[in-house]
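J.: This structure is in structure tokens; I'll ask about it shortly.
In mature numbering (1 follows the signal peptide of the UniProt record, and there is no 0), the protein residues as written are -23 to -1, 1 to 447.
What follows is the structure, encoded as structure tokens:
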């Protein structure tokens, strides 16, 4: 349906009739020239991929508009600034690969990067089963060296996993097997603890198809564990997005969502009706780049056809949550890791805290929590506090029962969007990638590749180049 001029007004009248029944206030001056925005590309989602793509497109001389559902850019990048010390701590994206395009991107905004090891050192480390709060006395982290050598040899068989989901047909059986079986096949049990420390947010990783674990825990991660990663000096990756936001001023609509979309070209443009805090706007764009998590909610208002909906509605998500906690009574130099006392390779039982470690800010501990499916945020907070209270059984004199405070809590759900083994084997990703450019719409983001900023930016560059050629 054509949304501009007379049809736009007719649609808006219809929409308002429905909207008023649910107490939604929408501006009615949609068809005025001041309410219409025209761009070469509309980017839906202002996370890591969307922001990176915006500058790639700008550099190519294209006009862009980012539609962001929240009040900030950066997606999973989340930096907390302590009001007491003014120190910062990264809670979401914490480390970056030492790659030329990563360094160039940060250099663009004069944000300095420094070498950083994968794991913060702790004077004291406790291994406990967070289900009971008791120390797992016989647990000692195994040396993963030999297991990693075997694992890396397997990864070398599938170099295409570094670039995307460019899977052969048929898909190799071992990519489809549950990761636990994959671990047993290659005797990788000694690597599980280290992989778990790095692969937060995968839910019950042991039951995941090996494909997804191999995508995330890649050769680049192994290299980083050996030689180091990059981060900012002050633990403030969010500075990149603060400066990007300033640069993109005028080309971002915050707290905004799609109301209606018509991708049948009208004089070379798709038309998207957008709800913003200032009212409803009509966006006319030659192409659309979708970078948000592929959930039903994020496709509300879209004019999806059967081919698109059949693919895009297959994704299912995990839950991942980060927070700092004050007044724990846990010494800053103490790290507590969740290990299952009676589980395969001591993998923690989900939903659960992965670990409690130093944040780099005195008095604030860093907590990571995961679940097999997204959870209610209030329930996550309750489970975090209850789990930490149980840690008194470790002998720590925690004060959580007397005023532990969660600060900077962030839900990263929906996280780690995946599909079932049968769909993967049936060529899901080949079909998904077949949507690129169809109906003048393109896609990037973690679901199309991986939760890894540097690799995702490379993938996004490829998508942008394809947009520019077509």
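A virtual CB, placed ideally from N, CA and C, is assigned to each residue, including glycine.
(1) Tell me where the beta strand (DSSP E) around residue 295 begins and ends.
(2) Determine the contact status of residue 343 and residue 334, defining contact as a CB-CB distance below 8 Å.
(3) Leaving out the 5 sequence neighbours to the left and right, which residues in its chain are closer than 8 Å to residue 42 when beta-carbon positions are compared?
(4) The alpha helix (DSSP H) that contains residue 242, what's its start and end?
(5) Just confirm the distance between the C-beta atoms of residue 419 and residue 444, as a whole number of angstroms; I'd bet it's less than 8 Å.
(6) By a C-beta neighbour count over all protein chains shown, 10 Å radius and 16 as the cutoff for buried, is residue 106 buried or exposed?
(7) Check whether the Cβ atoms of residue 30 and residue 233 sit closer than 8 Å, and answer yes or no.
(8) Check whether the region 157 to 164 and the region 48 to 60 are in contact - that is, three or more C-beta pairs closer than 8 Å.
(9) Report the CB separation of residue 99 from residue 312 in whole angstroms; it is logged as a contact under 8 Å.
(10) Between the C-alpha atoms of residue 147 and residue 237, what's the straight-line distance to the nearest angstrom?
(11) Apart from the five residues on each side of it in sequence, which residues of its chain come closer than 6 Å, Cβ to Cβ, to residue 389?
(12) According to DSSP, is residue -6 helix, strand or coil?
(13) Note down the Cα distance separating residue 454 from residue 70, rounded to an integer number of angstroms.
(14) Who are the Cβ neighbours of residue 40 in its own chain at under 6 Å, not counting the five residues just before and after it?
(15) Figure out for me which residue from 111, 37, 341, 60 has the closest Cα to the Cα of residue 366.
(16) Less than 6 Å between C-beta atoms, sequence neighbours within five positions excluded: which residues of the same chain meet that for residue 188?
(17) Compare the beta carbon distance of residue 240 and residue 280 with 8 Å and say whether it is the shorter of the two.
(18) Can you tell me which of the three DSSP states residue 155 falls into?
(19) Classify residue 130 as buried or exposed, calling it buried when 16 or more other Cβ atoms lie within 10 Å of its own Cβ.
(20) Note down the Cα distance separating residue 277 from residue 235, rounded to an integer number of angstroms.
(21) Do you know offhand how far residue 155's Cα is from residue 408's?
(22) Three-state secondary structure (DSSP) at residue 285?
(23) Report all residues from its chain with a CB closer than 8 Å to the CB of residue 401; omit the five preceding and five following residues, and keep chain order.
(24) Could you say if the region 211 to 219 and the region 166 to 186 meet the contact criterion of at least three C-beta pairs nearer than 8 Å?
(25) Output the distance between the C-alpha atoms of residue 101 and residue 353, rounded to the nearest integer angstrom.
(26) Tell me which residues share the same chain as residue 314 and place their Cβ nearer than 6 Å to its Cβ, disregarding the 5 neighbours each side in the sequence.
(27) Which of the three DSSP states, helix, strand or coil, is assigned to residue 39?
(28) Under the rule that 16 or more other beta-carbon atoms within 10 Å means buried, what is residue 33, buried or exposed?
(29) Tell me residue 97's beta-bridge partners as DSSP assigns them.
(30) Could you check the C-alpha separation between residue 306 and residue 368 for me, to the nearest Å?
(31) Three Cβ pairs or more, each shorter than 8 Å: is that satisfied between the region 164 to 179 and the region 76 to 86?
(32) My output table needs one value for residue 315: the three-state DSSP class, helix, strand or coil.
(33) Quick one: what's got a C-beta closer than 8 Å to residue 138's C-beta in the same chain, skipping five residues either side?
(34) Look up residue 338 in the DSSP assignment and say whether it is helix, strand or coil.
T.: Working from what's here:
(1) 293 to 303
(2) yes
(3) 14, 16, 18, 19, 20, 228, 229, 230, 260, 262
(4) Following the DSSP letters along the chain, one finds residue 242 in no alpha helix (DSSP H) but inside the beta strand (DSSP E) bounded by residues 234 to 243.
(5) About 5 Å separates the CB atoms of residue 419 and residue 444; that is less than 8 Å, so the two are in contact.
(6) buried
(7) no
(8) no
(9) 4 Å
(10) 38 Å
(11) So the qualifying residues of the chain are 53, 297.
(12) The pLDDT assigned to residue -6 is 40, lower than 50, so where the model puts this residue is not dependable; a value taken from the coordinates is nonetheless given after this. In this structure, residue -6 counts as helix in the three-state DSSP scheme.
(13) There is no way to answer for residue 454, as the model of the chain reaches only from -23 to 447.
(14) 16, 17
(15) Among 111, 37, 341, 60, the Cα nearest to that of residue 366 belongs to 111.
(16) 152
(17) In this structure, residue 280 lies closer than 8 Å to residue 240 by Cβ.
(18) strand
(19) exposed
(20) Taking the straight line joining both Cα atoms gives about 7 Å.
(21) 23 Å
(22) helix
(23) 144, 148, 152, 153, 186, 188
(24) The region 211 to 219 makes no contact with the region 166 to 186, as fewer than three CB pairs between them are under 8 Å.
(25) 33 Å
(26) Here the set comprises 104, 332.
(27) Residue 39 carries a coil assignment under DSSP once its states are collapsed to helix, strand and coil.
(28) buried
(29) Answer is none; residue 97 lacks a bridge partner.
(30) 11 Å
(31) Judged by Cβ distances under 8 Å, the region 164 to 179 makes no contact with the region 76 to 86, as fewer than three pairs qualify.
(32) strand
(33) 132, 188, 191, 192, 195
(34) coil
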